[in-house]
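Just below is one structure, and these are the notes that go with it.
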Amino acid sequence: MRRIRSILIALLAALLAAALTATAPAGAHPDHEPGADDPALDWDNYEKILLSKNTGEPIDLAILPDSRVLHTARNGDVRLTDPSTGITRVINTLDVYANSEDGLQTIALDPDFATNQWVYLLYAPRVMEAPYPQTTPTGNAPNSLPAGETESYWDRWKGYNLLSRFKWDEATDSLDLSTEQKIIKIETQRGQCCHVAGDMAWDADGNLYLSTGDNTPAGTPGANGMAPNNDAPGMNPGFDARRGAGNTNDLRGKILRIHVQDDGSYTIPEGNLFPPGTAQTRPEIYVMGVRNPFRIDYDVQTGALVWGDYGPDAGAPNPDRGPMGYVEWQATQQPLNGGWPYCHGPNANYNEWNYATATPGAWFDCEAGAQNNSRWNTGLDVVPPATAPHLYYGDNATHQPWPELTDLGGGGQGPMGGPVYRYDADNPSPSKFPAFWDGHPFFAEFSQDYVAVFSLDLATNGPVTGITDFLPNAHLNHAAQPIWDNVMDMEFGPDGSLYVLEYGDGFFRQNPDAGLYRVDWAEGNKSPQARFTATPISSSSAPLTVTFDAGASSDPEGAALTYEWDFDGDGAFDATGATASHTYTELGQYNAALRVTDPSGKFGVRSTQITVGNMAPTVTLDTPTGGFFDWGQAVPVNVSVSDPEDGNTPVCTRATWAFGLGHDEHAHPLSSGTGCRFGVPTPADAPEHGETENIYGALVVGYTDNGHLGVPPARGEASLLLNPKTQQAEWFDASNGVEITDDPAANGLRKVTSFDAGDWIAFDPVNLVNIDSVVARAWGRGTLHLRWNDPKAPPFAQLSFRNRTGWFEVEQALTNLPQGSGRLYLTSTSGFELDDVRFVGDGVADVTPPEVSHTLNPAAPTGSNGWYTGDVTLTVNATDNGTVASRQRSTDGGVTWVNANNPLTITAEGSTTVHYRATDNGGNVSSAGSVTVKIDKTPPVASISGVDNGGSYAASGTLTPSFAGADAVSGLASVTGTLDGAPLASGATVPLWTLTVGDHTIAATATDNAGRQGSASATFTVTTSLADLAAIVDHYDTAGAFTAAGESRLRLHLDTAIRQAAAGRNDSAVRSLAQFLTTARSASFVTDAAARTVLTHHGEVVTAQLSA
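Residue numbers (mature numbering (1 follows the signal peptide of the UniProt record, and there is no 0)): -28 to -1, 1 to 1080.
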């Protein structure tokens, strides 16, 4: 769980009187030997003053010559705070790529700012220039190559951080973004966390120093808190720190040294690590082999560059792999290799671990220079020898020669390099630090909440001889001044005061305790503290009357204060008195400020924002904070939003979330997204941070409304912490009476001992929803009680341990559990040591699989009997209580599955059965659905027999055509035929004399079961002659179609025509046929109407033939 910083330290103030003076340096600066009565070590001579609570997610600060402060937020905002008025406003916003730790980083003033007005910014541009992709894909890059992809896939995740400078516009008090000069690009692998670093300093010659991070995740798969040198086949190249920090030809994991020219280009000064022209190196490199040198400084007087460097997370050394995780502080006047990722801490070397086989290899050579065997290496095969840091420290006082570095605070490792103070006797500022601190480097511990000062001779790069706990939190609590709270940056201003930007508790947002402060030398009288309430601070419409009350303001000496109110933030004070009221008649946002002044003229300021016309939304999460999960599971979250102007139906694209892996007091950003319903993915490889490491999940959800009546949008936020089900006992958030002891046989390599009656450990926050039982691993004999919100509350569960000589587990079912989120106390009857506690049950994890369905296009079969006659598109649909990660389909009965996130076009004829399923980002797999799609795109084949296409047939004959069909897909449904368009049965006899003389068509149509049709046809010709006419007369005579007289007359005339035609007397034959036709047309002779028609037709045709 997270370690909650101890505000309770105030309760111990009376017991800490001895701590209210500095830890005296063993050997301080040679010009200022300290003594117990040295005024510089009397913390009552200092005061820490709040300048602004309006910081955004604070990153860096720079102090203008007039002591106004520029400070950056990760989202791209640049703020300007005026300490004289307490007003802070956003003066510029850069378009940044904001993922994980990327975004807007450092801000710094040019050494000649007074004349050239240049302000430097380091940021990750959202839109990039060729040859990089124009933009980066959303979300996070995968750990390994997606199926079917080649190494070129990683190119889409390439990006860069850009160092630029901009002109300061005094007229607008902002940066003129149109004046940007792009100085240098630092290539990065985007879509992953972490380590950007990004601080700046200048030497006496105007050379710029820029620190860069190694751009490698702490939780690299397989690292387990050791050096992340994973270049196994298919893995994300971002998992190999050798490609950056350990690469002589790469700018990551370095401190660069360049000289910026007037046009924004740069040259290489002499004296860098690699002379220009050295093959496989970058000449910009001054220091290589650093991991995350977040803050640097340069002391012009001694030529010393100083920095703090973050380290990996291993809580103990591994004999097969390397040292425990340390953090470092370093000073140098010469270029060097810090060693990372080959050497670390006291120049302890790592093993060249084979990540593909998880086996050890050779050990890196720190003294001669390590060999870079990474497949991503573009630099020298052997890097320069490593230089050990001045200071390094681990998790507790026994891990390093300087116990102060972990005894002063407690709770993790967060080394923030700070400034070297230089005393200026000519500076008239009364708040400047005393000469005692001249030449001393200041240092901030982000995770442990302290500021230290190191004693060493920077001119000779000498060893650290003393560490002073500067202005301890115990004193600040005692003096009712703001405590150190996750210091992000600190710099000495032109007035000799120390300006401090603090992140506060929490992640990825402006935390309630974030702030901008100034520490002044202030003997005697102290500045009053301004505090006030404004009621209300927002409304949906104008006018808005706000009541201001400064009754909480105070003066350390108890003197009477004067009160001045600036209601609209214009720098002019509008009212006086401890209370005031103001009516805002116009819509808009206003910075209301209070200044309180004591009789000596010292003052304090405070401001808040008043919004007229738009109230911030309220964000609610249905997942409780403190719930339990296992790494690799997802946690479903539903977001509800209530907005006074927009209502309760949110636009879910405006709901943004960010999830990070919490680690002691800081977090590594891991994933982000948008939406009102999602599953938070937790990485299965999170324990790779190191088995000793106290890690947890941290989620922040924000919603930005639509704005109202022209007033800018407002934002509301909600957050929660998620607990892994296994909690090492030593990860407690608070304790009483116990000790932590190393034990290589314990899980996490440590255990809780001295757990006697009346002692307790506590975890906070905890929510036991869906927890069924608890398992405790212990050694000894005794009873462990679980209590809620009070170490003396009645236990709701207990676990009894028998006297054993070895670790063993006891499980206890949980019933009647406490409701909601609270603090869980574990108390002991004594007699045992506690290793860990494991919570059993679903907790808040997503254990519900997705539900799947499908959509076909066309939605209904286009043919008959359920058959489609063309291609069909299948879309697999899935819904989940969290986030659907992927959809899959199978066409071989579930033997193999392929990605179905994109629609499938089914083109194959026949019957295709597709099974489909979905997986959410917690690994839950749905039940499989299925659909059968029948497609017949090929018409059936029809055929005709019994007639020759193009054939000629005498009218006296007959034809017997037959029809057939074939269909190989859906099968044949029917075959029909026609003769000249009229239905004709297959196999039916066609008397040709009934047809007219000339061409005729017989057609066949085959219809398959899908409703598709195929056809065939045959065209034939019917001819006639005197002989055919005689045969036709014979047919109808047999059929009884004539009277006796008619039969006699027909034969007489026809026989005569036949004889005459045979004799070549066609004219006579025509005359005889005329008589034949007269008889044929007469119903008196031909009684059958059809016979009359047929005989007449053929007689006329033959007559025409003879007449031609």
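All C-beta atoms in this analysis are idealised placements derived from N, C-alpha and C, irrespective of residue type, glycine included.
The residues N17, Y18, E19 and S403, in chain order, have a CB closer than 7 Å to that of A494 in the same chain once the five nearest residues on each side in sequence are set aside. Between the stretch 898 to 914 and the stretch 985 to 1003, the count of Cβ pairs shorter than 8 Å is three or higher; the stretches touch.
Per the C-alpha coordinates, the member of N483, G487 and Y797 positioned closest to A690 is N483. The DSSP-derived three-state label of N17 is helix. Inter-residue distance for P205 and Y471 is about 48 Å (C-alpha atoms, whole angstroms). The three-state reading of DSSP puts S39 in coil, since its state is none of H, G, I, E or B. Short of 8 Å from the beta carbon of P655, and not among the five residues preceding or following it, lie these beta carbons of its own chain, in chain order: G191, W603, G604, L633 and L642. When the Cα atoms are used, E300 and D82 turn out to be separated by approximately 28 Å. Restricting attention to alpha helix (DSSP H) runs no shorter than 4 residues, the stretch 399 to 476 encloses them at 445 to 450, ordered along the chain. Annotation: the stretch 983 to 1049 contains the following complete segments of the beta strand (DSSP E) (minimum length 3 residues), in chain order: 985 to 995. Taking C-beta separations shorter than 8 Å and ignoring five residues to either side along the sequence, the partners of E558 in its chain run A514 and V584, following chain order. By the neighbour-count criterion, in which 16 or more other beta carbons inside 10 Å mark a residue as buried, N208 falls on the buried side.
Setting aside the 5 residues that flank it on each side, D736 is surrounded in the same chain by M(-28), I(-25), G598, D705, A706, G794, R795 and L796, each with a C-beta closer than 8 Å to its C-beta; the list follows chain order.
Inter-segment contact for the stretch 256 to 270 and the stretch 178 to 196 is present: three or more beta-carbon pairs are separated by less than 8 Å.
DSSP, read as helix, strand or coil, puts L1078 in helix. The C-beta of G1036 has fewer than 16 other C-beta atoms within 10 Å across all chains shown, which makes the residue exposed. Going by DSSP, T961 is part of no beta strand (DSSP E) at all; its letter is neither H nor E. Assignment of C315 by DSSP, reduced to helix, strand and coil, places it in the strand class.
Selection G243, K498, W409 and L94 evaluated against S526 yields K498 as nearest (Cα-Cα).
Taking each of D367, I35, E101 and F336 in turn and checking the Cα distance to I712, the smallest one comes out for D367. When C-beta atoms of the stretch 43 to 53 are compared with those of the stretch 525 to 545, fewer than three pairs fall below 8 Å, so the two segments do not count as touching.
Note that the C-beta distance between A670 and G478 is below 9 Å. Note: D892 is bridge-paired with V856 in the DSSP secondary-structure output. In the structure shown, S124 adopts helical secondary structure according to DSSP, grouped into three states.
CA-to-CA, the gap between Y562 and I582 works out to about 5 Å. The secondary-structure analysis by DSSP pairs I268 across a beta bridge with W279. Only residues of its own chain outside the window of five on either side were considered, and among them V824, S825, H826 and T827 have a CB closer than 7 Å to the CB of N849, listed in chain order.
Residue nearest to E663 within the set T698, D677, R687 and N678 is T698 (criterion: CA-CA distance). Between A1041 and L1078 the beta-carbon gap is near 5 Å, inside 8 Å, which marks them as a contact.
Around the CB of D396, fewer than 16 other CB atoms lie within 10 Å, so the residue is classed as exposed. In the structure shown, the three-state DSSP call for D379 is helix. The C-alpha of E256 lies about 35 Å from the C-alpha of G476.
Contact check for Y1008 and D952: beta-carbon distance about 22 Å, past the 8 Å limit, so the pair fails to qualify. Closest in C-alpha terms to P189, from the list W174, G163 and M172, comes G163.
In this structure A424 does not touch T437 by the C-beta definition: roughly 13 Å separates them, more than the 8 Å allowed.
For T87, the enclosing alpha helix (DSSP H) begins and ends at F85 to N88.
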